[in-house]
Amino acid sequence: MQALPRLGENLSLTDLSSLSRLSLFFTPGLCSPNPTRGRHYWIPTTQRLFGGQIVGQALVAAAKSVSEDVHVHSLHCYFVRAGDPKVPVLYQVERTRTGTSFSVRSVKAVQHGKPIFVCQASFQQAQPSPVQHQCSMPAVPPPEELLDHEALIAQYLRDPNLHEKYRVGLNRIAAQEVPIEIKMVNPPTLNKLQNREPNQMFWVRARGHIGEGDIKMHCCVAAYISDYAFLGTALLPHHYQHKVCFMASLDHSMWFHAPFRADHWMLYECKSPWAGGSRALVHGQLWRRDGVLAVSCSQEGVIRVKPRVSESKL
Numbered sequence: 001m002q003a004l005p006r007l008g009e010n011l012s013l014t015d016l017s018s019l020s021r022l023s024l025f026f027t028p029g030l031c032s033p034n035p036t037r038g039r040h041y042w043i044p045t046t047q048r049l050f051g052g053q054i055v056g057q058a059l060v061a062a063a064k065s066v067s068e069d070v071h072v073h074s075l076h077c078y079f080v081r082a083g084d085p086k087v088p089v090l091y092q093v094e095r096t097r098t099g100t101s102f103s104v105r106s107v108k109a110v111q112h113g114k115p116i117f118v119c120q121a122s123f124q125q126a127q128p129s130p131v132q133h134q135c136s137m138p139a140v141p142p143p144e145e146l147l148d149h150e151a152l153i154a155q156y157l158r159d160p161n162l163h164e165k166y167r168v169g170l171n172r173i174a175a176q177e178v179p180i181e182i183k184m185v186n187p188p189t190l191n192k193l194q195n196r197e198p199n200q201m202f203w204v205r206a207r208g209h210i211g212e213g214d215i216k217m218h219c220c221v222a223a224y225i226s227d228y229a230f231l232g233t234a235l236l237p238h239h240y241q242h243k244v245c246f247m248a249s250l251d252h253s254m255w256f257h258a259p260f261r262a263d264h265w266m267l268y269e270c271k272s273p274w275a276g277g278s279r280a281l282v283h284g285q286l287w288r289r290d291g292v293l294a295v296s297c298s299q300e301g302v303i304r305v306k307p308r309v310s311e312s313k314l
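Residues in the sequence shown are numbered from 1 upward in steps of one, following UniProt numbering.
Here it is in structure tokens:
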């Protein structure tokens, strides 16, 4: 049996079974109301903690303080400081309200004695509702007809005319291990910088098997998924003119509408209706394959850019 990573140590997904990988990525540790420590992180190329993982771990910490028959229906978060990947995150849960139908929990994520993230999560007992409606799921090719992330990167790298800066970036991305699988509906053409409409869609699911009964884990993985490439949607109309200097999430909200399995393919539809003041707003919808709207998301983030200078391919 392999030894688990030490406290605060980065985690290699290949070290563990699929379910253990997910559990380590999203389970903070000790039970609330005692402070809970997150120990295992995926570190993106920014070398900061990934916001989606912090949201997911905070949600697990909050869910441990409510009864088994209530489940999260919404959460609202603020990222107040950049997270340090070398230091464990301490999650502090406050029982703001425990009611018959609804319960609210406040979660604070702390590093170096200061909050890096705050969250309010609301939980609800399942209730029948005669008032029901939803919008329609977009018509897109099924995931079986699309390339996964790894195959798409390999296809890009086989292009002899690929600019070296893209080659370096793609190799860096390919070396990373993430707990989700992705298939883009309309992947970009890298050697041709083109402005696009501020919307994108991709199929996504957790790597490995979670099982039908672990509702809290499915919601936690959805929180991770919801922040993946989300804010980048706002950059699609501006790739040709601008190069990103800094980008970070400011807040993040989620609404859970219907049961779903995060280890089954879901379509993530992302749109950005507005950008200005060095900020951008994005909205997202996670769809089940059967057309049921499972989750809605919104986020505002800071984006700082500089003019893009034309570069030679030599």
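Think of the CB as a built atom: it goes at the ideal place given N, C-alpha and C, for glycine as much as any other residue.
{"Item": "Nearest-angstrom Cβ-Cβ length linking Val295 and Ser226, presumed shorter than 8 Å", "Value": "7 Å"}
{"Item": "Cβ pair count under 8 Å reaching 3, the region 46-57 against the region 213-225", "Value": "yes"}
{"Item": "Nearest residue (CA-CA) to Ala126, options Leu49, Ala258, Glu164 and Trp265", "Value": "Ala258"}
{"Item": "Helix, strand or coil at Pro143 [DSSP, three-state]", "Value": "helix"}
{"Item": "Cβ-based burial, Cys31 [other Cβ within 10 Å; buried from 16]", "Value": "Residue confidence for Cys31 is low, a pLDDT of 36 falling below 50, so the modelled location carries little weight; the figure read from the coordinates is stated next. Result: exposed."}
{"Item": "Length of the line joining the Cα atoms of Pro187 and Gly213", "Value": "34 Å"}
{"Item": "Inter-residue spacing [alpha-carbon to alpha-carbon] between Val131 and Arg207", "Value": "35 Å"}
{"Item": "Alpha carbon of Arg172 to alpha carbon of Pro237, nearest angstrom", "Value": "25 Å"}
{"Item": "Selection from Leu235, Glu164 and Arg167 that minimises the alpha carbon distance to Trp274", "Value": "Leu235"}
{"Item": "Range covered by the alpha helix (DSSP H) that runs through Val292", "Value": "Segment: none, Val292 is in no alpha helix (DSSP H) and carries neither H nor E."}
{"Item": "Same chain, Cβ closer than 8 Å to Ile215, neighbours up to 5 away in sequence not counted", "Value": "His71 and Pro259"}
{"Item": "Cβ distance (whole Å) where Tyr268 is taken to contact Leu286 below 8 Å", "Value": "6 Å"}
{"Item": "Exposed unless 16 or more other CB atoms sit within 10 angstroms - verdict on Thr100", "Value": "exposed"}
{"Item": "Cα-Cα separation between His239 and Ala280, rounded to whole angstroms", "Value": "15 Å"}
{"Item": "Secondary structure of Thr100, DSSP reduced to three states", "Value": "coil"}
{"Item": "8 Å CB neighbourhood of Ala82 in its chain, flanking five on each side removed", "Value": "Arg48, Leu49, Ile116 and Ala248"}
{"Item": "Sub-7 Å separation of Val89 and Gln120 beta-carbons", "Value": "no"}
{"Item": "Tyr41 burial status per 10 Å Cβ neighbour count (16 or more: buried)", "Value": "Low confidence applies to Tyr41: its pLDDT is 48, below 50, so where it sits in the model is not reliable, and the reading given next is rough at best. Looking at its Cβ environment, which holds 16 or more other Cβ atoms inside 10 Å, Tyr41 is buried."}
{"Item": "Of the residues Ala61, Ile153 and Pro85, the one placed nearest Arg95, counting alpha carbons only", "Value": "Ala61"}
{"Item": "Backbone secondary structure at Leu90 - three-state DSSP", "Value": "strand"}
{"Item": "Bounding residues of the beta strand (DSSP E) (the contiguous stretch that carries Cys119)", "Value": "Lys114 to Gln125"}
{"Item": "Ser253 classed as buried or exposed, judged by whether at least 16 other C-beta atoms fall within 10 angstroms", "Value": "buried"}
{"Item": "Val185 to Tyr156 span [Cα, whole Å]", "Value": "16 Å"}
{"Item": "Status (buried if at least 16 other CB within 10 Å, exposed otherwise) for Gly284", "Value": "buried"}
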